[in-house]
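Protein sequence lines correspond, in order, to chains A and B. Residue numbering for the first sequence follows the UniProt record's numbering, beginning at 1 and increasing consecutively. Residue numbering for the second sequence follows the UniProt record's numbering, beginning at 1 and increasing consecutively. Presented below is the structure to which this report refers.
Protein chains: 2
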Amino acid sequence: MPNPLLKSGRRRPIRGGRDTREEILVAAEELLLRRGFNGFSYQHIAVRLGIRNAAIHYHFPTKEDLGVALVRRYRLRFLAWTDEAAQCASAFDRLVAYFQTYVDHLDGRLQICPVGIFGAEFDAIPDRMQREAQMMMRDVYEWMVRTLHDGLGDRSVVFSGDAHDKAMEMAAAMQGALQFASIAGRERFEQVFRQITLELRPASAAGDTGPAIAA
Amino acid sequence: MPNPLLKSGRRRPIRGGRDTREEILVAAEELLLRRGFNGFSYQHIAVRLGIRNAAIHYHFPTKEDLGVALVRRYRLRFLAWTDEAAQCASAFDRLVAYFQTYVDHLDGRLQICPVGIFGAEFDAIPDRMQREAQMMMRDVYEWMVRTLHDGLGDRSVVFSGDAHDKAMEMAAAMQGALQFASIAGRERFEQVFRQITLELRPASAAGDTGPAIAA
DNA sequence: GTCTATAGAGCGATAGAC
DNA sequence: GTCTATCGCTCTATAGAC
């Protein structure tokens, strides 16, 4: 009986115990968010990791493979996160927790799921990445619609109009805020965070400043 | 006395009366929105216009020059548009008119001012473009804050919280919506448009479906 | 699993003829 | 103002040694 804690499949510990494949993904993720998919190369990654171009091709034969792995990683991370977030006391808390995942990594630029990151260069990314991006977007959208409905049920959120439209508006605002933060600093993101949460919370009476943002 | 209809400055009518410089900008603008700045080349433009690579370099010596011209074009177009929009009856109408400019060109992809388009690849565009993008963003932001204040004055809009935060949220939502539309179709944009206008309008009583979207 | 070396393509850009 | 031709560079990707 194999130890269930040891994941089956690929062998990993190489280069003095470091996991090259994982390090490639981490570096590529940051480059993707700062420079776009067509704005970084295998060379950028190789220099950061102190390895050679060809070593990356061993782990990800084509750049499309790397791109697809990045999107899948986002999707899986988001789905795992929603499981954790299910323990939040209210739907409002779950939504704020989701927005907070952006803030937590804003300077390092790693997010749980920057769902619309590929929209700006959609026609210039490989087909398989396009499809993965569409699936990722659907996951986030459906979770958000569901959570808004939950929020109406537990009376933790208020909004007017349709939950589908509200979900899309919030997701779009988060995505745009991420881009504005790149252009004009993280304060832009915090403004959007404040406004979204302010509008979502019931009894937004005077004096209530809403959830604080992590420093 | 010179004819005031004939603009002073650069001579233009070439290639059978066609304005190559302008055609380059139009083609580049659409490529930029669909593929990102690093996702299109002079070749893409040359093929579309039936000219040669070198002809583009005559009008825009470097790609940075072309990029800067594109952002300046957006800025000037937006500033000219705000002058026109000043004739709208209310601040709410001006905001809706601004959102509408996105819709009008959504399939052709030409917008008045997709203010955050460079956020996704900010670190991978030339310095001068970065600075121009920051100025463009500031223009839109300031106009939006001013218009929200006007809206409080003429009672045509309602919102909670600070006008600066609300402006940033709306601008971010529009930008995100544009990217979502690239990924999942223009209906995504229309959802955000509906929700933003719904939340902005006073007396959003039942039965009021808000401003219609142009087909 | 990582290396050296290199192929092959596309890129931005320039020179000079017309 | 547009062309042909080409340069030098970077990019993705592969072959083969270790």
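Note that the Cβ used here is the ideal one computed from N, Cα and C, for glycine as well.
Where do the N-terminal and C-terminal ends of the alpha helix (DSSP H) with residue i fall, by residue?
i                     : result
Glu121 (chain A)      : Element bounds for Glu121 (chain A): n/a, residue is neither H nor E.
Ser90 (chain A)       : Segment: none, Ser90 (chain A) is in no alpha helix (DSSP H) and carries neither H nor E.
Ser182 (chain B)      : Ala163 to Ala184
Gly108 (chain B)      : First-last for Gly108 (chain B): undefined, no H or E at that position.
Gly151 (chain A)      : Asp127 to Gly153
Val157 (chain A)      : Run containing Val157 (chain A): none; DSSP gives neither H nor E here.
Ala54 (chain A)       : Asn53 to His59
Thr197 (chain A)      : Glu187 to Leu200
Arg21 (chain A)       : Thr20 to Arg35
residue 216 (chain B) : With chain B represented from 1 up to 215, any question about residue 216 (chain B) goes unanswered, as that position is not in the structure.
Nearest-angstrom Cα distance between residue i and residue j?
i                     : j                : result
Trp81 (chain B)       : His57 (chain B)  : 30 angstroms
Ala46 (chain A)       : Asn53 (chain A)  : 6 angstroms
Met135 (chain B)      : Ile125 (chain B) : 15 angstroms
Gln191 (chain A)      : Glu187 (chain B) : 27 angstroms
Asp83 (chain A)       : Arg21 (chain A)  : 26 angstroms
residue 294 (chain A) : Ala55 (chain A)  : This structure cannot settle anything about residue 294 (chain A), because the visible part of chain A is limited to 1 through 215.
Gln179 (chain A)      : His105 (chain A) : 14 angstroms
Arg35 (chain A)       : Asp123 (chain B) : 5 angstroms
His59 (chain A)       : Leu76 (chain A)  : 19 angstroms
residue 240 (chain A) : Val145 (chain A) : The structure shown has nothing for residue 240 (chain A), since chain A only spans 1 to 215.
Asp127 (chain A)      : Gly67 (chain A)  : 11 angstroms
Arg18 (chain B)       : Ala97 (chain B)  : 31 angstroms
Met1 (chain B)        : Ala173 (chain B) : A caution first: Met1 (chain B) carries a pLDDT of 46, below 50, which makes its placement in the model unreliable, though a value can still be read off. Going from the Cα of Met1 (chain B) to the Cα of Ala173 (chain B) covers about 49 angstroms.
Ala203 (chain A)      : Glu30 (chain B)  : 44 angstroms
Ser8 (chain A)        : Tyr74 (chain A)  : Residue confidence is low: Ser8 (chain A) scores 43 on pLDDT, short of 50, so the model does not pin down where it sits. Its coordinate-derived value is still stated next. Near 21 angstroms, if we compare the C-alpha coordinates of Tyr74 (chain A) and Ser8 (chain A).
Leu32 (chain A)       : Phe189 (chain A) : 19 angstroms
Gly176 (chain B)      : Thr101 (chain A) : 18 angstroms
Ala167 (chain B)      : Tyr141 (chain B) : 7 angstroms
Arg184 (chain B)      : Gly16 (chain A)  : For the sequence presented, residue 184 (chain B) should be read as Ala rather than Arg. Rounded to whole angstroms, Ala184 (chain B) to Gly16 (chain A) spans 44 angstroms at the Cα level.
Phe37 (chain B)       : Cys113 (chain A) : 23 angstroms
Gln130 (chain B)      : Arg72 (chain B)  : 12 angstroms
Glu23 (chain A)       : Leu110 (chain A) : 13 angstroms
Leu5 (chain B)        : Val103 (chain A) : For Leu5 (chain B), the predicted structure reports a pLDDT of 37, less than 50, and the residue's modelled location is therefore unreliable. A value from the coordinates is still provided. When rounded, the distance between both Cα atoms is 52 angstroms.
Ala89 (chain B)       : Arg48 (chain A)  : 56 angstroms
Ala171 (chain B)      : Phe92 (chain B)  : 15 angstroms
Ala206 (chain A)      : Asp107 (chain A) : Because the pLDDT at Ala206 (chain A) is just 45, under 50, the model does not fix this residue reliably, and the point stays unresolved.
Arg94 (chain B)       : Glu169 (chain B) : 17 angstroms
Ala27 (chain B)       : Phe78 (chain A)  : 37 angstroms
Ala69 (chain A)       : Thr62 (chain B)  : 34 angstroms
Ser182 (chain A)      : Ile51 (chain B)  : 36 angstroms
Gln87 (chain B)       : Glu132 (chain B) : 28 angstroms
residue 228 (chain A) : His44 (chain A)  : Residue 228 (chain A) cannot be examined here, being either before or after the span of chain A that is shown, 1 to 215.
Phe40 (chain B)       : Asp150 (chain A) : 44 angstroms
Val64 (chain A)       : Glu64 (chain B)  : Just to set this straight, residue 64 (chain A) is Glu in the shown sequence, not Val. Approximately 27 angstroms between the Cα atoms of the pair.
Phe99 (chain B)       : Thr147 (chain B) : 13 angstroms
Ala85 (chain B)       : Trp143 (chain A) : 38 angstroms
Return yes when at least one heavy atom of the ligand SAH lies under 7 angstroms from the C-beta of residue i, else no.
i               : result
Leu70 (chain A) : The ligand SAH is absent from the structure shown, which contains no ligand whatsoever.
- Task: Please name the residues in the region 15 to 43 of chain A whose beta-carbon is closer than 7 angstroms to at least one beta-carbon of chain B, in chain order.
- Result: Arg34, Arg35, Gly36, Asn38 and Gly39
- Message: Below 8 angstroms, how does it come out for the region 108 to 119 of chain A and the region 136 to 147 of chain A: are there three or more Cβ pairs, yes or no?
- Response: Yes: the two stretches touch, three or more of their Cβ pairs being nearer than 8 angstroms.
- Three CB pairs or more closer than 8 angstroms across the region 151 to 162 of chain B and the region 157 to 173 of chain A: no
- Determine which residues of the region 177 to 207 of chain B have a Cβ less than 8 angstroms from any Cβ of chain A, and write them out in chain order. Ala177, Leu178, Gln179, Phe180, Ala181, Ser182, Ile183, Ala184, Arg188, Gln191, Val192, Arg194, Gln195, Ile196, Leu198, Glu199 and Ser204
- On the three-pair Cβ rule with 8 angstroms, is the region 194 to 204 of chain A touching the region 184 to 196 of chain B? In this structure the region 194 to 204 of chain A does not lie against the region 184 to 196 of chain B, because fewer than three pairs of beta carbons, one per stretch, are closer than 8 angstroms.
- Taking only beta carbons into account, state which residues of the region 123 to 135 of chain A come closer than 7 angstroms to chain B, listed in chain order. Taking 7 angstroms as the Cβ-Cβ cut-off against chain B, the residues of the region 123 to 135 of chain A that qualify are Asp123, Ala124, Ala133 and Gln134.
- Taking only beta carbons into account, state which residues of the region 136 to 149 of chain A come closer than 7 angstroms to chain B, listed in chain order. Met137
- Using Cβ-Cβ distances below 9 angstroms, what residues of the region 157 to 169 of chain A are close to chain B? Result list: Phe159, Ser160, Gly161, Asp162, His164, Asp165, Lys166, Ala167, Met168 and Glu169.
- Message: Counting only Cβ-Cβ distances shorter than 7 angstroms, please list the residues of the region 92 to 124 of chain B near chain A, keeping chain order.
- Response: Gly116, Ile117, Phe118, Gly119, Ala120, Glu121, Phe122, Asp123 and Ala124
- Item | Contact residues within the region 65 to 87 of chain A, judged by C-beta distance below 7 angstroms to chain B | none
- Residues of the UniProt DNA-binding region "H-T-H motif" (41 to 60) of chain B with a CB closer than 8 angstroms to any CB of chain A: list them in chain order, please. none
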